[in-house]
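> Whatever position you read off the sequence shown (first residue = 1), add 12 for this note's numbering.
From the three backbone atoms N, C-alpha and C, an ideal C-beta is built for every residue, glycine too.
Okay, here's the structure, questions in a sec.
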Amino acid sequence: MQNLVERLLDGDRRALARMVTLIENDMPVARRYLAELHARAGNAQIVGVTGAPGAGKSTLVTHLVRELRHRERKVGVVAVDPSSPFTGGAILGDRIRMMELAGDPNVFIRSMASRGSVGGLSASTRDVVRAMDAAGYNPIIIETVGTGQAEVEVMRAAQTVLVVTAPGMGDEVQAIKAGILEIADIFVVSKADKPGADQTVAELAMLLSLDPTRRQRDKTTPAWRIPVLKTAAIKDQGIRHVVDAIQEHYAYLVESGMLSQRAQRQVRSEVQALLSHALMNALQQTITEDEWRTLIDDITARERDPYSVASQLQERIGLK
Ligand SMILES: Nc1nc2c(ncn2[C@@H]2O[C@H](COP(=O)(O)OP(=O)(O)O)[C@@H](O)[C@H]2O)c(=O)[nH]1
Ligand SMILES: [Mg+2]
Numbered sequence: 013m014q015n016l017v018e019r020l021l022d023g024d025r026r027a028l029a030r031m032v033t034l035i036e037n038d039m040p041v042a043r044r045y046l047a048e049l050h051a052r053a054g055n056a057q058i059v060g061v062t063g064a065p066g067a068g069k070s071t072l073v074t075h076l077v078r079e080l081r082h083r084e085r086k087v088g089v090v091a092v093d094p095s096s097p098f099t100g101g102a103i104l105g106d107r108i109r110m111m112e113l114a115g116d117p118n119v120f121i122r123s124m125a126s127r128g129s130v131g132g133l134s135a136s137t138r139d140v141v142r143a144m145d146a147a148g149y150n151p152i153i154i155e156t157v158g159t160g161q162a163e164v165e166v167m168r169a170a171q172t173v174l175v176v177t178a179p180g181m182g183d184e185v186q187a188i189k190a191g192i193l194e195i196a197d198i199f200v201v202s203k204a205d206k207p208g209a210d211q212t213v214a215e216l217a218m219l220l221s222l223d224p225t226r227r228q229r230d231k232t233t234p235a236w237r238i239p240v241l242k243t244a245a246i247k248d249q250g251i252r253h254v255v256d257a258i259q260e261h262y263a264y265l266v267e268s269g270m271l272s273q274r275a276q277r278q279v280r281s282e283v284q285a286l287l288s289h290a291l292m293n294a295l296q297q298t299i300t301e302d303e304w305r306t307l308i309d310d311i312t313a314r315e316r317d318p319y320s321v322a323s324q325l326q327e328r329i330g331l332k
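Right under this line is the structure:
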């Protein structure tokens with residue numbers, strides 16, 4: 013029998029599904045497999061889709077996948093579920109819609125629960141993307157609700173970020189607050205069959221023209237003009253333009269050298285994250301909860317100081 017890595021690289025969907033489960037359950041063997049897969053990944057365009065709940069992300073993603081299939085692409089989708097139990101119904105709706113596509117052997121869809129820490133979610137999402145990438149899916153679309161720190165973190169793994177907003181949601185101001193404007197490469201105004209879509213497009217275009225962070229930073233890099241596109245998924249309108257823009261953005265990233273710049277930034281932050289995770293683990297294993305309490309009490313009572321305590325702990329985990 014071939015091993016899991018070989019089967020995954022051969023395009024065996026069950027091997028990929030197994031791999032994703034190993035990642036989600038944080039199994040130590042997953043790391044070993046991922047280490048082997050790394051050399052074979054790096055071909056996929058990773059597209060993030062974010063926006064408020066109800067903005068129309070899942071509907072858009074479903075239509076994007078269909079259009080990409082018409083263009084004979086093999087498409088991966090990772091839907092990051094918000095941890096809130098109140099959105100359970102919406103997720104079920106998403107799943108049903110996405111299931112229409114799930115029968116297609118060239119579409120691979122997985123939902124990820126956002127259990128655990130901010131870092132944990134972005135790490136496991138990145139690992140799942142790496143596995144799909146090595147299995148030959150391209151592009152890979154990540155859908156997340158654009159509200160919290162965790163989601164913004166997840167979006168950093170993407171090369172192209174779509175921010176979805178619907179008319180009359182008042183998202184524009186929210187978007188600025190959440191720092192979403194900074195990470196957007198393409199804006200999509202969904203539900204253009206509803207009134208107010210043109211006004212939302214105009215407002216966004218206005219905001220973009222005002223945003224100083226969007227001004228060209230250095231003259232050697234050509235600027236990317238963030239398009240504001242309208243879609244009416246229900247009428248299947250505007251979808252092709254969005255897919256065109258996604259492909260144009262990738263060409264832009266390659267030509268401007270931004271793709272390798274972004275990749276290098278991501279590698280640095282990934283290695284740093286793995287390292288700090290390992291250090292925190294080492295610390296946790298070396299010190300019990302009782303000992304923590306004693307230390308904290310001593311420092312609070314000013315019998316000891318935080319510097320020498322930290323220094324002593326560093327010594328214990330072999331950092332000194
Ligand atoms: N009228 C209209 N409704 C839409 C459109 N796209 C999505 N919706 C509806 O908006 C609601 C939320 O859509 P969904 O894709 O689940 O949003 P998400 O929470 O951002 O993933 C659903 O009831 C969709 O049917 C559209 O283009 N036009
Ligand atoms: Mg959704």
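For residue 327 and residue 69, I'd like the C-alpha separation in whole angstroms.
Along the sequence shown, read from residue 1 onward, the residue named residue 327 stands at position 315. Along the sequence shown, read from residue 1 onward, the residue named residue 69 stands at position 57. Answer to the nearest angstrom: the Cα atoms are 49 angstroms apart.
> Would you check whether ligand 1 has a heavy atom nearer than 7 angstroms to the C-beta of residue 123?
The residue given as residue 123 occupies position 111 in the sequence shown. Incorrect: residue 123 has no Cβ contact closer than 7 angstroms to ligand 1.
> Taking C-beta to C-beta, are residue 147 and residue 32 nearer than 8 angstroms?
In the sequence shown, residue 147 corresponds to position 135, counting from 1. In the sequence shown, residue 32 corresponds to position 20, counting from 1. Cβ atoms of residue 147 and residue 32: not closer than 8 angstroms.
> Could you tell me if residue 287 is buried or exposed, where buried requires 16 or more neighbouring beta carbons within 10 angstroms of its beta carbon?
On the sequence shown, residue 287 is found 275 positions in, with the first residue counted as 1. The residue in question, residue 287, is exposed, as its Cβ has fewer than 16 Cβ neighbours within 10 Å.
> List the endpoints of the continuous alpha helix (DSSP H) containing residue 268.
In the sequence shown, residue 268 corresponds to position 256, counting from 1. Residue 268 -> alpha helix (DSSP H) spans 251-268.
> Put residue 83 into one of helix, strand or coil per three-state DSSP.
Reading the sequence shown from its first residue, position 71 is the one you call residue 83. Reduced to three states, the DSSP call for residue 83 is coil.
> Going along the chain, which residues of its own chain have a beta-carbon closer than 6 angstroms to the beta-carbon of residue 289, five neighbours each way excluded?
To locate residue 289, count along the sequence shown from 1; it is residue 277. Correct list: empty, nothing qualifies.
> Using the DSSP secondary-structure output, state which residues sit across from residue 174 in a beta bridge.
Taking the sequence shown and counting its residues from 1, one reaches residue 174 at position 162. Bridge partners of residue 174: 61, 198.
> Name the DSSP beta bridge partners of residue 242, please?
The count along the sequence shown starts at 1 and reaches residue 242 at position 230. DSSP lists 201 as partners of residue 242.
> Under 7 angstroms from any heavy atom of ligand 2, does the C-beta of residue 70 make it?
Residue 70 sits at position 58 when you count from the first residue of the sequence shown. Yes - ligand 2 has a heavy atom lying nearer than 7 angstroms to the Cβ of residue 70.
> Just the Cα atoms here: how many angstroms apart are residue 156 and residue 303?
Residue 156 sits at position 144 when you count from the first residue of the sequence shown. Residue 303 sits at position 291 when you count from the first residue of the sequence shown. Between residue 156 and residue 303, the C-alpha separation is close to 39 angstroms.
> Rounded to whole angstroms, how far is the Cβ of residue 285 from the Cβ of residue 135, which I believe are closer than 8 angstroms?
The residue you call residue 285 lines up with position 273 of the sequence shown. The residue you call residue 135 lines up with position 123 of the sequence shown. With 8 angstroms as the limit, residue 285 and residue 135 qualify as a contact, their Cβ atoms being about 6 angstroms apart.
> Would you kindly work out how many angstroms separate the C-alpha atoms of residue 175 and residue 194, rounded to a whole number?
Stepping through the sequence shown from its first residue, residue 175 is reached at position 163. Stepping through the sequence shown from its first residue, residue 194 is reached at position 182. Between residue 175 and residue 194, the C-alpha separation is close to 11 angstroms.
> Nearest to residue 145 by CA position, among 308, 85, 63, 113, is which residue?
If you number the sequence shown from 1, residue 145 lands on position 133. Checked all of 308, 85, 63, 113; the closest Cα to residue 145 is 85.
> Starting from the C-beta of residue 248, find all residues in its chain whose C-beta is less than 6 angstroms away, skip the five residues before and the five after it, and write them out in chain order.
Your numbering for residue 248 matches position 236 in the sequence shown. Same-chain partners within the cutoff: there are none.
> I need the straight-line Cα distance from residue 205 to residue 178, nearest angstrom please.
For the purposes of this step, residue 205 is taken as the residue at position 193 of the sequence shown. For the purposes of this step, residue 178 is taken as the residue at position 166 of the sequence shown. Near 10 angstroms, if we compare the C-alpha coordinates of residue 178 and residue 205.
> Does DSSP classify residue 53 as helix, strand or coil?
For this step, residue 53 is matched to residue 41 along the sequence shown. If DSSP states are grouped into helix, strand and coil, residue 53 belongs with coil.
> Would you say residue 89 and residue 35 are within 8 angstroms of each other, going by their C-beta atoms?
The sequence position of residue 89 within the sequence shown is 77, counting from 1. The sequence position of residue 35 within the sequence shown is 23, counting from 1. Going by C-beta atoms, residue 89 is not nearer than 8 angstroms to residue 35.
> So, are the CB atoms of residue 57 and residue 118 less than 8 angstroms apart?
Taking the sequence shown and counting its residues from 1, the one referred to as residue 57 is at position 45. Taking the sequence shown and counting its residues from 1, the one referred to as residue 118 is at position 106. For residue 57 and residue 118, no; Cβs fall outside 8 angstroms.
> Take residue 80 and list the residues in its own chain whose beta-carbon comes closer than 8 angstroms to its own, dropping the five residues that flank it on each side.
Residue numbering aside, residue 80 sits at position 68 when the sequence shown is read from its first letter. Correct list, in chain order: 87, 151, 255.
> For residue 155, which three-state DSSP category applies?
By one-based count along the sequence shown, residue 155 stands at place 143. The answer is strand: DSSP assigns residue 155 an E or B state.
> Going by C-alpha distance, which of 23, 133, 240, 198 is nearest residue 261?
Residue mapping note: residue 261 aligns to position 249 of the sequence shown, counting from 1. It is 198 whose Cα lies nearest to the Cα of residue 261.
> Tell me whether residue 153, by its Cβ, gets closer than 7 angstroms to a heavy atom of ligand 1.
As a working note, residue 153 is residue 141 in the sequence shown. It does not: the Cβ of residue 153 is nowhere closer than 7 angstroms to a heavy atom of ligand 1.
> Where residue 212 and residue 180 are concerned, what is the direct C-alpha to C-alpha distance, given to the nearest angstrom?
Taking the first residue of the sequence shown as position 1, residue 212 is located at position 200. Taking the first residue of the sequence shown as position 1, residue 180 is located at position 168. Straight-line Cα distance between these residues: approximately 8 angstroms.
> Beta strand (DSSP E) containing residue 125: first to last residue?
Looking up residue 125 in the sequence shown gives position 113. Taken as a continuous stretch (DSSP letters only), the beta strand (DSSP E) holding residue 125 covers 119-125.
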